[in-house]
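Number of protein chains: 2
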Amino acid sequence: MPIYQAPARDLRFVINEMIDLENYNNLPGFEAVSSDLVDTVVNEAGKFCAEVLFPLNEVGDREGCTRHDDGSVTTPTGFKEAFQQYREAGWGTLSSPEEFGGQGLPHVLGFVVEELMGSSNQAFAMYPGLTTGATAAILAKGSEEQKATYAPKMISGQWTGTMNLTEPHCGTDLGLIRTKAEPQADGSFAITGTKIFISSGEHDMAENIIHLVLAKTPGAPDSSKGISLFIVPKFILNEDGTPGERNTLSCGSIEEKMGIHGNSTCVMNYDGAKGWMVGEENKGLAAMFIMMNAARLGVGIQGLAQAEVAYQNAVAYAKDRRQGRALTGPVSPDEKADSIFVHPDVRRMMMDGKAFTEAQRALYLYGGLLVDLEHAAQTEEERQEADDLLGLLTPVLKGYGTDKGYDVATNMQQVFGGHGYIEEWGVSQYVRDVRIAMIYEGTNGIQAMDLCGRKLAANGGRAIQLFFAKVDETIAEAKQDETLAPIAEKIEKANGELKAATMWFMQNAMANPDHLGAGAHHYMHIMGIVAHGWMWLRMAKTAQDKLAEGTTDTAFYEAKITTARYFADRFTPDAGSLRRRIETGADSMMELSVEAFERAA
Amino acid sequence: MPIYQAPARDLRFVINEMIDLENYNNLPGFEAVSSDLVDTVVNEAGKFCAEVLFPLNEVGDREGCTRHDDGSVTTPTGFKEAFQQYREAGWGTLSSPEEFGGQGLPHVLGFVVEELMGSSNQAFAMYPGLTTGATAAILAKGSEEQKATYAPKMISGQWTGTMNLTEPHCGTDLGLIRTKAEPQADGSFAITGTKIFISSGEHDMAENIIHLVLAKTPGAPDSSKGISLFIVPKFILNEDGTPGERNTLSCGSIEEKMGIHGNSTCVMNYDGAKGWMVGEENKGLAAMFIMMNAARLGVGIQGLAQAEVAYQNAVAYAKDRRQGRALTGPVSPDEKADSIFVHPDVRRMMMDGKAFTEAQRALYLYGGLLVDLEHAAQTEEERQEADDLLGLLTPVLKGYGTDKGYDVATNMQQVFGGHGYIEEWGVSQYVRDVRIAMIYEGTNGIQAMDLCGRKLAANGGRAIQLFFAKVDETIAEAKQDETLAPIAEKIEKANGELKAATMWFMQNAMANPDHLGAGAHHYMHIMGIVAHGWMWLRMAKTAQDKLAEGTTDTAFYEAKITTARYFADRFTPDAGSLRRRIETGADSMMELSVEAFERAA
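If you read the protein sequences in the order shown, they are chains Z and R.
Under the numbering used here, think of the first position of the first sequence as 1, with each following residue one higher.
Under the numbering used here, think of the first position of the second sequence as 1, with each following residue one higher.
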């Protein structure tokens, strides 16, 4: 039987001890924050996720969603009731603005709920997850009337939202979209076209679904500069704001996918559906990026979330499973075999899982803090710094976080041996579910180009210089401590590789931009290693301080320091080989003709 | 629609040009070998696989196998008929001994068929694949009567075979098995116990199934030294050798798996079933290793096979799919977007796929040659060398080959973007199917320990020294050529890392064997890089020679040299970081208590 419990101690460690969230309570929205509040959110959300959502995870995988002939969709058994509970508990309202019915708490807390929901049931979590993204776009770009009409009910979970970007012939390159928006006499638009891969596109969990749809108005430029964003509700609202007439849009089919079967991934047909423009004409892409950036952080959390639940199950399995003997002699001589935990190769995978999940958790929570600081920090300089760092770290959290999340989930499956390949142990589902995270909200190749082609060079490299300064500061501090110094030196070396790779791009990408493209993915991984290494140094320092103060939780803090050392030993060396790969440039990569890739008879 | 065609030109290149199989025709079994024969086998087997087996691949995935209440199993639509065609064409007989109805041709040719079948339908290929392993054990350890009774019908495909090792509580550690074998008055044994994960355990494709079962006789030592091997046929043979009475064994259930749904993975219940011992009592493990070694090579081929079909589909998709523009300016200005082949990150994944599949193909074909040379080479020294190299390369072909095969299949899926996650494009199945290859026939962690704990040290390191000598020789030769020299230097550097890692093990593993265990997986990967690099040098040299001779196939040979350069640029740097990881030893990996891995509330 698959298991899951909230990693509550770890969350509290990062939020209350490493980040020390209480320390920010002079900021707006943070006044109510205390370590007690953090504990309550972690415990209660953890309980809800472990007890209500996790038992439905396998149900969702097995049953999937069912589309009926009339285009209606039934979600898996229990999803509707669980969403009702989610709504009543107000888990979707934590970090939403108070003005629209939210609780106005820091994003760190909203992100915690995203992790817990992602681990317990990713397919379920996507229904409210997409809603959060759609709401963010309306709040950022919608009119006052649109905000007042839609946001409160989306925040409360009474209605859900979707993002409609992709069309059959067009994914990343949104300039190619064909969906049309014809202006109507009443100020609305008639939306016509087909959208695919629409997560949560149709379902039975809420009384209305607010689709945010990218479309082109007549005569719009034939490029990404000609896209506008529209609100297209499933039920057109009555004057009093209640759902009324059924709009002319429908789910044409549900995609058969590798995983996340519990989420209804729909082909959506818009047939002159009534829609209202959000923000300015032809500025839809910018509005979409509001959603997208929030969504990318969320997907980075998913990479961790699936790795986490896979890790917890692998730990339980490895502890119980007895095969063979330790290389150094029997550990359990009274048993016929030792637990497989004694085998170094099992340990390697478990330590990789532990080192990744804990660092990615620290990094997303730090990212959550930046989301708030970006708006709420006291000085313009602090807000700017938060914005720069968040922009830089978003593609890393998403791209590195999901690449490694998939690797870790795969390795956790490996710990189970043959049992990992059998669906009843649950871990196959985690691998299948997390696979999508490398693809959606911009493939990881797109994340790499966002990082290297956009974020690195912006404002004369201000963000990356700030990142280096922050990391260097942490390294310098850690080098003062004799336990942490050897760890810090290895992180410093990795950071040196990142600096060298940055320099190489500066010197070579102007002459041939393919040199940048050819190294972008590797660069993103070096930066992931350094960002995680930075978090490990900060966690190790926090643990070291707690041990120095005196604590009864010695084993927990010592494990943090050991894991930091493991990370330094086993994760940082790749920074060097990735840098060497970058420095070979694009020549051998781009030289062949397309025909040379095809197999000859 | 998924596509597949045999990579015929590549196979011919390796067999006829790089290995130059005709050159060995003074060896027994090779007399009939000519490049024409190779072409015929490649073309005809390729045709059968592409036209008959590949169209059933998706059918098998979707339908799976069905167990009926009486324990009988129906395979997916078309499988039975395809197996009849396979049998009639004699594809299973190619490399089997003529004495038992085989064609006695070199294993290289049998391996080619394994690749083509694996690419076109891995779940189907496992039915004859397991039969080959079971037959090998009977031929190696069975009595003359057993060989004569079973081998011809298994080789012809009239009957199939299985391998019954795993039990619910026991996988890798076969010393723990509980299945019992009670001697009977007639010389047979009554076999009782439950076996799990039995591939092709029950089906409707052949008139009999010959189960090879590991079990313990009364009073046998309570360890892996107390295991014996038994032939347990589904239908006990009549005096005339035809299948007669139904044996008391049955399929209890079919496992629900992540992939290879077309293969019936059975829980097999033996209830006093009649069996006959193969070879000596308590020597079953050695007999099982006969099967296992052949099977491991086969699984290494599977890693390639799935990567190959995924690669072919990704090439076709990337060629057709248009999104965005090249970083260096529009390549197809008349179209609204360029083919995604122009994007360096797509190229990176495609070149990785090309570099891996072609090197793994060369390596398994070289392995096939070694299987023959091991028995048929003219001098004892040559036979010994072939045996040493094959033993060393088997875990690398399996472990590195399937780890990378999974990576490549995953990246080929990534090329499809969101479409890769949808089952209709086929590539999700390749990822799900290839996943098992990292697990079965000994997990890749077991392969790494076989390599480092057994093969490296055997005979005073004779095999690895031979490997180094062979690789060094190829490097030295390539360095004479100005085009190949820069490639050779990078392979030489990787080989230097392998030598350093070997030395580090020698100096440290005696003091603490966990140092070996902690580095084994990384060592296997360095050796994979070096072995593939060696193959790339040999392929590049062959191509260079052909170009020097003058050829009309210039583009093909030039692509080989470019791909060799890409491999040297992008694959070899990891050898350095893996070596550095090994040299950090086991300390931080093994330090934590098991409890430290569990999440605290």
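The beta carbon of each residue, even a glycine, is placed where N, CA and C say it ideally should be.
Predicted, not measured: the structure shown is a model, and the values here were computed from it.
Simplified DSSP assignment, three categories, for Z/THR410: In the structure shown, Z/THR410 falls within a helical segment according to DSSP collapsed to helix, strand and coil.
Separation of Z/VAL396 from R/PHE571, as counted between CA atoms: Taking the CA atoms as reference points, R/PHE571 sits about 23 Å from Z/VAL396.
Inter-residue spacing [alpha-carbon to alpha-carbon] between Z/ARG348 and R/GLY29: Separation of Z/ARG348 and R/GLY29 (C-alpha to C-alpha, rounded to the nearest whole angstrom) is 45 Å.
Cβ-Cβ separation, R/ILE491 to R/LEU537 (assumed contact under 8 Å), whole Å: Your pair R/LEU537 and R/ILE491 checks out as a contact, with CB atoms roughly 6 Å apart and the cut at 8 Å.
Residues, ordered as in the chain, of the segment 543 to 557 of chain R that lie near chain Z by beta-carbon distance below 9 Å: In summary, the residues of the segment 543 to 557 of chain R whose CB is separated from some CB of chain Z by less than 9 Å are ASP553, ALA555, PHE556, in the order they occur in the chain.
Beta-carbon gap between Z/GLY496 and Z/ILE301 smaller than 8 Å: Contact flag unset, no.
Where R/LYS234 sits in the DSSP three-state scheme: Coil, per DSSP.
Contact with chain R by Z/ILE198, beta-carbon distance below 8 Å: By this cut-off, Z/ILE198 is not an interface position.
Element boundaries [alpha helix (DSSP H), containing R/PHE48]: Membership of R/PHE48 in the alpha helix (DSSP H) is indicated by the continuous run 35 to 48.
Contacts of R/LYS257 in chain Z (Cβ-Cβ under 8 Å): Against R/LYS257, the close residues of chain Z are TYR421, ILE422, GLU423, SER428, in the order they occur along the chain (beta-carbon pairs closer than 8 Å).
Pair within 8 Å by beta-carbon distance, Z/GLY275 and Z/ILE210: Not in contact: Z/GLY275 and Z/ILE210 (Cβ atoms no closer than 8 Å).
Length of the line joining the Cα atoms of R/ASP186 and R/VAL594: Their backbone Cα atoms lie some 51 Å apart in a straight line.
Nearest to R/VAL415 (by Cα), restricted to the options R/ILE290, R/SER35, R/MET503, R/ARG321: For R/VAL415, the closest of R/ILE290, R/SER35, R/MET503, R/ARG321 by C-alpha to C-alpha distance is R/ARG321.
8 Å Cβ cutoff, R/VAL73 in contact with chain Z: Closer than 8 Å: no.
Neighbour list for R/LYS398 in chain Z, Cβ cutoff strictly below 8 Å: For R/LYS398, none of the residues of chain Z pass the 8 Å Cβ criterion, the least Cβ distance being about 14 Å.
Host alpha helix (DSSP H) of Z/LYS141 (start-end): Looking at the DSSP string, the run of the alpha helix (DSSP H) that includes Z/LYS141 is 122 to 141.
7 Å Cβ shell around Z/VAL346 - same chain, five flanking residues per side excluded: Apart from sequence neighbours up to five positions away, the residues of its chain that approach Z/VAL346 with a beta-carbon distance below 7 Å are ALA318, ILE340, VAL415, ordered along the chain.
Reduced DSSP category for Z/HIS375 - H, G, I as helix; E, B as strand; rest coil: In this structure, DSSP gives Z/HIS375 a helical state, which the three-state scheme calls helix.
Continuous beta strand (DSSP E) stretch holding Z/PHE505: start and end: That residue, Z/PHE505, is in no beta strand (DSSP E); its alpha helix (DSSP H) goes 485 to 508.
8 Å contact criterion, which Z/LEU237 and Z/LEU212 should meet: CB distance rounded: The Cβ separation is near 15 Å, so there is no contact.
Proximity winner among Z/PHE235, Z/LEU451, Z/ASP271, relative to Z/ALA215 (alpha-carbon distances): Nearest C-alpha to Z/ALA215 among Z/PHE235, Z/LEU451, Z/ASP271: Z/ASP271.
Neighbourhood of Z/GLY157 by C-beta, 6 Å cutoff - its chain only, sequence neighbours within 5 removed: Cβ within range, chain order: ARG87, GLY92.
Contact set for R/THR483: own chain, Cβ-Cβ below 7 Å, skip 5 residues either direction: Beyond the five residues adjoining it in sequence on each side, R/THR483 comes within less than 7 Å, by CB distance, of GLN544, ILE561 in the same chain, given in chain order.
Inter-stretch contact at 8 Å, needing at least 3 Cβ pairs: the segment 31 to 49 of chain R / the segment 365 to 385 of chain R: Cβ pair count under 8 Å is below three, so no.
Given 8 Å, three or more beta-carbon pairs between the segment 397 to 416 of chain Z and the segment 513 to 532 of chain Z: The answer is yes - the segment 513 to 532 of chain Z touches the segment 397 to 416 of chain Z, with three or more Cβ pairs under 8 Å.
One or two residues paired with R/HIS211 in a DSSP bridge: R/THR162, R/VAL232, per the DSSP bridge assignment.
Pick from Z/PHE13, Z/GLU22, Z/PRO76, Z/PRO7 that is closest to Z/CYS49, judged by C-alpha positions: Ranking the options by Cα distance to Z/CYS49, first place goes to Z/PRO7.
Pairwise C-alpha distance: Z/LEU304 and Z/THR574: This sequence places Asp at residue 574 of chain Z; Thr is not what is there. Linking Z/ASP574 to Z/LEU304 through their CA atoms gives a straight-line distance of about 20 Å.
Span separating the alpha-carbon of R/PRO333 from that of R/VAL342: Rounded to whole angstroms, R/PRO333 to R/VAL342 spans 13 Å at the Cα level.
Where R/PHE571 sits in the DSSP three-state scheme: Annotated three-state conformation of R/PHE571 is coil, per DSSP.
Near-chain R residues of the segment 559 to 586 of chain Z (beta-carbon distance less than 7 Å), N- to C-terminal order: Within the segment 559 to 586 of chain Z, the residues whose Cβ lies closer than 7 Å to some Cβ of chain R are ALA559, THR562, ARG565, TYR566, ASP569, ARG570, PRO573, ASP574, GLY576, SER577, ARG580, ARG581, THR584, ALA586, listed in chain order.
Local conformation of Z/ASP388 per DSSP, three classes: Z/ASP388: helix per DSSP, three-state reduction.
Assigned exposure category for Z/GLN323 - 16 Cβ within 10 Å defines buried: With 16 or more Cβ atoms within 10 Å of its Cβ, Z/GLN323 is classed as buried.
Short Cβ contact (8 Å threshold) for Z/GLY129 with Z/GLY298: Yes, the pair counts as a contact, with Cβ atoms nearer than the cut-off.
Partners in chain R for Z/PHE505, counting only beta-carbon separations shorter than 8 Å: For a Cβ distance threshold of 8 Å, nothing in chain R lies close to Z/PHE505: the least Cβ distance comes to about 13 Å.
Neighbour-count burial assignment, Z/ILE3, 16 or more Cβ in a 10 Å radius: That one is exposed.
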